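Reviewing the structure listed below.
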Amino acid sequence: MPSLDSKRKNAPGPFFLDIQKAFDRVWHTGLLYKLIKINAPPQLILIIKSFLNNRSFAVRVNDTHSSTKQIRAGAPQGALLSPTLFNIYVNDIPKTRQTTVCLYADDTAILTQSTNKNCITHFLHKHLAELEDWYNKWKISINPGKTEAVFFSLGNSTRKPPPIHVQNHPVPWSRSVNYLGVTLDEHLSFKDHITKINNKFEL
Numbered sequence: 015m016p017s018l019d020s021k022r023k024n025a026p027g028p029f030f031l032d033i034q035k036a037f038d039r040v041w042h043t044g045l046l047y048k049l050i051k052i053n054a055p056p057q058l059i060l061i062i063k064s065f066l067n068n069r070s071f072a073v074r075v076n077d078t079h080s081s082t083k084q085i086r087a088g089a090p091q092g093a094l095l096s097p098t099l100f101n102i103y104v105n106d107i108p109k110t111r112q113t114t115v116c117l118y119a120d121d122t123a124i125l126t127q128s129t130n131k132n133c134i135t136h137f138l139h140k141h142l143a144e145l146e147d148w149y150n151k152w153k154i155s156i157n158p159g160k161t162e163a164v165f166f167s168l169g170n171s172t173r174k175p176p177p178i179h180v181q182n183h184p185v186p187w188s189r190s191v192n193y194l195g196v197t198l199d200e201h202l203s204f205k206d207h208i209t210k211i212n213n214k215f216e217l
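Under this note's numbering, the first residue of the sequence shown is numbered 15, with each subsequent residue one higher.
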């Protein structure tokens with residue numbers, strides 16, 4: 015796991031990916047394929063198939079109804095089984111030697127570190143290229159506009175690594191980012207997070 019090293023000046027550059035409607039993007043055929051690949055019991059696969067199949071929806075506006083359409087993707091929202099199915103679906107996400115992937119449901123963070131800021135960008139771009147191919151293969155969409163990057167540093171340097179691009183969309187280095195309910199600032203002082211929590215309790 016990358017960490018701040020004030021002596022070696024090894025600075026991590028975390029990258030936080032935003033997945034569009036992640037649970038709604040679980041491709042049923044792909045999920046069943048992955049269950050087979052991990053040697054899940056056939057009876058369990060049939061139960062999950064029954065759980066996912068034969069779901070449909072229709073749209074009603076006042077007294078007008080649309081035709082019924084079959085749902086071919088998505089883990090049902092609110093179902094206790096859905097987070098587990100999503101974890102199985104993304105369990106084979108690509109990894110590289112120079113980066114670390116942190117997954118919590120659909121919250122995805124990629125971490126890398128180097129004494130060379132150009133290497134940080136290179137490592138992230140290399141991993142992102144593999145991820146984009148993997149996401150396309152498994153019908154998952156990235157939202158570049160909500161994807162964020164933060165360069166953590168204990169020093170006073172304001173020079174950031176070269177910019178990173180996702181699907182030809184530039185992702186600027188942010189001063190802070192909210193991840194799993196915690197505000198992480200570029201110096202990891204947690205001042206922004208503490209201020210945010212204090213404001214919630216002010217009368």
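Even glycine gets a Cβ: it sits at the ideal position worked out from N, Cα and C.
Bear in mind the structure is a predicted one, so any value in this text is a computation, not a measurement.
Extent of the continuous alpha helix (DSSP H) to which residue i belongs
{"i": "residue 157", "result": "From DSSP, residue 157 is part of no alpha helix (DSSP H); its letter is neither H nor E."}
{"i": "residue 207", "result": "205–215"}
{"i": "residue 43", "result": "42–51"}
Same chain only: Cβ atoms within 8 angstroms of residue i, ignoring 5 sequence neighbours per side
{"i": "residue 175", "result": "27, 131, 132, 134, 135, 165, 187"}
{"i": "residue 15", "result": "In this predicted model, residue 15 has a pLDDT of only 48, less than 50, meaning its place in the structure is not dependable; the value taken from the coordinates is given anyway. For residue 15, where only same-chain residues beyond five positions count, the Cβ hits under 8 angstroms are 114, 125."}
{"i": "residue 194", "result": "118, 121"}
{"i": "residue 153", "result": "39, 41, 44, 87"}
{"i": "residue 36", "result": "100, 119, 120, 154"}
Candidates the options: closest to residue i by CA position
{"i": "residue 38", "options": "184, 155, 140", "result": "155"}
{"i": "residue 101", "options": "204, 40, 179, 183", "result": "40"}
{"i": "residue 161", "options": "67, 55, 122, 98", "result": "122"}
{"i": "residue 43", "options": "67, 53, 35", "result": "67"}
{"i": "residue 139", "options": "181, 79, 55, 76", "result": "181"}
{"i": "residue 128", "options": "111, 143, 144", "result": "111"}
{"i": "residue 84", "options": "152, 144, 70, 46", "result": "70"}
{"i": "residue 192", "options": "208, 177, 88", "result": "208"}
{"i": "residue 158", "options": "152, 151, 146", "result": "146"}
{"i": "residue 87", "options": "202, 216, 65, 94", "result": "65"}
{"i": "residue 106", "options": "144, 82, 79, 81", "result": "144"}
{"i": "residue 63", "options": "53, 52, 47", "result": "47"}
{"i": "residue 179", "options": "51, 82, 141, 109", "result": "141"}
Beta-carbon contacts of residue i that lie in its chain and below 7 angstroms, excluding the five residues immediately before and after
{"i": "residue 90", "result": "96"}
{"i": "residue 190", "result": "164, 197, 198, 199, 200, 206"}
Element boundaries [beta strand (DSSP E), containing residue i]
{"i": "residue 28", "result": "Where residue 28 is concerned, there is no enclosing beta strand (DSSP E), given that its DSSP letter is neither H nor E."}
{"i": "residue 190", "result": "190–193"}
{"i": "residue 201", "result": "Element bounds for residue 201: n/a, residue is neither H nor E."}
{"i": "residue 184", "result": "183–185"}
{"i": "residue 178", "result": "178–180"}
Interface flag, residue i vs chain C, CB-CB below 9 angstroms
{"i": "residue 167", "result": "The structure shown has no chain C; it contains just one protein chain."}
(message) Taking 8 angstroms as the cut-off, does the region 109–119 touch the region 59–66 (at least 3 CB pairs, one atom from each stretch)?
(response) They do not touch, by the three-pair rule.
(request) Counting only runs of 4+ residues fully inside the region 54–140, write out the alpha helix (DSSP H) ranges in chain order. (result) Listed in chain order, the alpha helix (DSSP H) elements of length 4 or more contained wholly in the region 54–140 are 56–66, 96–103.
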